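If you use the UniProt record's numbering, the sequence shown closes out at 294, no skipped numbers anywhere.
A short worksheet on the structure shown next.
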Amino acid sequence: MDPALEVFIAVAEKQSFTRAAEMLHMTQPAVSQYIRSLEQALGTKLLDRSNKYVRLNPAGQIVYHHAREISGLYARMQYLIDDMKHAARGDLSIGASYTYGEYVLPHVLAEMMAGYPDIKPTITIGNSKEIVELVGSRRLDVGIIEGEVRDERYRIVPIADDAMYVVVPAGHRYAERRGLRLADLSEETWIIREAGSGTREAADHLFAQHHFHPERLMEFGSTQIIKESVEAGLGISLLSKAAVRKEMALGTLQLLELEGLPYYRQFSLVTQASPFYTKAMEVFMELVRGYRPI
1 MDPALEVFIA
11 VAEKQSFTRA
21 AEMLHMTQPA
31 VSQYIRSLEQ
41 ALGTKLLDRS
51 NKYVRLNPAG
61 QIVYHHAREI
71 SGLYARMQYL
81 IDDMKHAARG
91 DLSIGASYTY
101 GEYVLPHVLA
111 EMMAGYPDIK
121 PTITIGNSKE
131 IVELVGSRRL
141 DVGIIEGEVR
151 DERYRIVPIA
161 DDAMYVVVPA
171 GHRYAERRGL
181 RLADLSEETW
191 IIREAGSGTR
201 EAADHLFAQH
211 HFHPERLMEF
221 GSTQIIKESV
231 EAGLGISLLS
241 KAAVRKEMAL
251 GTLQLLELEG
261 LPYYRQFSLV
271 TQASPFYTKA
281 MEVFMELVRG
291 YRPI
């Protein structure tokens, strides 16, 4: 990779020529020379400088964005070449939606680390929309999402079905009822996830399929908060069975038997649309494809 771009990234992130020089083990004049050379090559200034700060100007922001992408591609190329000669190892940045990331992914990681201790995973948890965006900007190597995404920029591979049920607190008035329909729950308070979440997408699809319009909705940004709220009697929710296994075993949450449920959605792997993956990515993706959430 062009050393001038490496120096520029360091200056942009440290917002200081001095701190960038220290990080790169270079002299400050050498850092300044690299920046001048880059600006001359591009024909424009990239930084606003004063005695107090160094900041990216609009041109610098464009160059920084692409320099980070180039840096990631270069590192990936090195990993791929190195992988031809070695076993799976190295850094692996993984993103996952909340349901998969909090309730399934830890089990997959434990299996991976037992067999491949030289892989060094870092984990990001977010809603499905956020994970896709992070993969798209190459800040994640691989993501696992809920629901559907159609975009030619990505390789999206379904890996498992996820069964979703209406969840109520123990002792709920409908807990032992049979033959319930979604319409019977119209007066309940429904606690749902935020827009962009795969769990929210599933709830919206289910409601639309049944022409169902709850009278009261509460929107929370975490599956864990929703579970706690349902346990506390604040309302009911549509959640993955994988997310409530412990609470079902403890007897604090119950699944309702409703006509037309469970609602099935898919967990999917999302990566850049590239034919090349590091061995660490291949190992992880193979484990994920073979693991069943329930």
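Backbone N, C-alpha and C fix where the C-beta goes; we use that ideal spot for every residue, glycine too.
In this text, all values refer to a predicted model and were calculated from it rather than measured experimentally.
Who pairs with residue i in a beta bridge, going by DSSP?
| i | result |
| --- | --- |
| T18 | None; T18 has no bridge partner. |
| R265 | D162 |
| S93 | T122 |
| I145 | S268 |
| R155 | T271 |
| I192 | E219 |
| L258 | L180 |
Tell me whether the beta-carbon of residue i lies closer than 7 Å to the beta-carbon of residue j.
| i | j | result |
| --- | --- | --- |
| R178 | E130 | no |
| L238 | A203 | yes |
| L206 | Y165 | no |
| G147 | V270 | no |
| A162 | F267 | A small correction: the amino acid at residue 162 is Asp; Ala does not occupy that position in the sequence shown. Yes, the Cβ-Cβ distance between D162 and F267 is below 7 Å. |
| L109 | A96 | no |
| L47 | G60 | yes |
| M112 | L234 | no |
| Y116 | A88 | yes |
| M23 | A10 | yes |
| P169 | W190 | no |
| Q15 | A21 | no |
Tell me the DSSP secondary structure of residue i in three-state form.
| i | result |
| --- | --- |
| A208 | helix |
| D184 | helix |
| P169 | strand |
| residue 305 | Here the chain covers residues 1 to 294 and nothing more, so residue 305 does not appear. |
| L109 | helix |
| R292 | coil |
| Y116 | coil |
| Y100 | helix |
| Y64 | helix |
| T278 | coil |
| A88 | coil |
| S128 | helix |
| L140 | coil |
| A59 | helix |
Please confirm if residue i has its CB atom under 7 Å from at least one CB of chain D.
| i | result |
| --- | --- |
| I119 | Absent here is chain D; the protein component of the structure consists of one chain. |
Is the region 256-275 close to the region 180-189, with three or more CB pairs under 8 Å? yes
At what residue ranges does the region 201-255 contain a whole run of the beta strand (DSSP E), taking only runs of 3 or more? Runs found: 216-220, 237-240 and 253-255.
Write down every uninterrupted run of the beta strand (DSSP E) in the UniProt domain "HTH lysR-type" (1-57) whose length is 3 residues or greater and which is fully enclosed by it, in chain order. 47-49 and 54-56
Indicate whether the contact test is met: 3 or more Cβ pairs, each with one atom in the region 45-57 and one in the region 244-253, closer than 8 Å. no
Say whether the region 119-130 touches the region 223-240, bearing in mind that this needs 3 or more beta-carbon pairs closer than 8 Å, one atom from each stretch. With a cut-off of 8 Å, the region 223-240 and the region 119-130 do not count as touching, because too few Cβ pairs lie within range.
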